[in-house]
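Participant: In my numbering, the protein residues as written are 15 to 187.
1) Looking at the strands, I want to know which residues DSSP matches up with residue 80.
2) Within the same chain, show all residues whose beta-carbon is closer than 8 Å to that of residue 35, passing over the 5 residues directly before and after it, in chain order.
3) Since I believe residue 87 is in contact with residue 122 (beta carbons under 8 Å), could you give me their beta-carbon distance rounded to a whole number of angstroms?
4) Is residue 112 closer than 9 Å to residue 138 when the C-beta atoms are compared?
5) Is residue 110 helix, strand or coil when you go by DSSP?
6) According to DSSP, what are the bridge partners of residue 137?
7) Would you identify the three-state DSSP class for residue 62, choosing helix, strand or coil?
8) Does the segment 91-107 come close enough to the segment 142-150 to have 3 or more Cβ pairs within less than 8 Å?
9) On the DSSP bridge list, what partners appear for residue 163?
10) Just list the residues that DSSP pairs residue 144 with in beta bridges.
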């Protein structure tokens with residue numbers, strides 16, 4: 015739910031430096047006031063190129079976006095977090111590679127695919143280490159934006175598909 019335009023759909027772009035928000039229709043009576051905006055771009059949030067995934071949760075005050083395909087090492091290893099009350103600029107840029115506590119490498123460890131827990135309290139981010147460097151899943155507390163846990167295993171290589179089935183089945187975004 016956008017604070018000004020109601021229900022929106024968000025998409026990032028591999029080659030552009032924005033996340034686009036498009037107003038979407040809703041059958042809910044309280045959303046009728048947003049009808050004039052339906053299927054229109056209502057906002058473009060400044061981001062960096064290379065985005066693959068964006069994520070929100072109705073119980074969260076944050077909007078998360080990755081940029082694993084960005085050619086800049088620091089940007090590809092980080093995620094941006096916006097406050098839902100101010101989508102004009104990121105509230106924080108979190109360097110997932112540094113936060114993981116894994117040894118630094120010359121190769122880029124790509125932070126990808128933020129995914130919320132069912133209750134919206136945690137965000138899980140994959141950190142691709144590639145074939146030779148350790149990969150991880152870094153768990154953040156959504157309220158504090160602090161690391162809660164880092165999951166590693168020598169067999170874990172470029173984890174991505176950690177979709178929350180509950181959230182997906184119940185359209186919780």
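Where a beta carbon is used, it is the ideal one built from N, C-alpha and C, also for glycine.
Facilitator: Quick answer:
1) 93
2) 16, 19, 22, 23, 24, 55, 56, 57, 58, 59 and 101
3) 5 Å
4) no
5) It is helical.
6) 130 and 154
7) DSSP places residue 62 outside both helix and strand once states are collapsed to three, so it counts as coil.
8) no
9) 153
10) Note: residue 144 sits in no beta bridge, so no partner.
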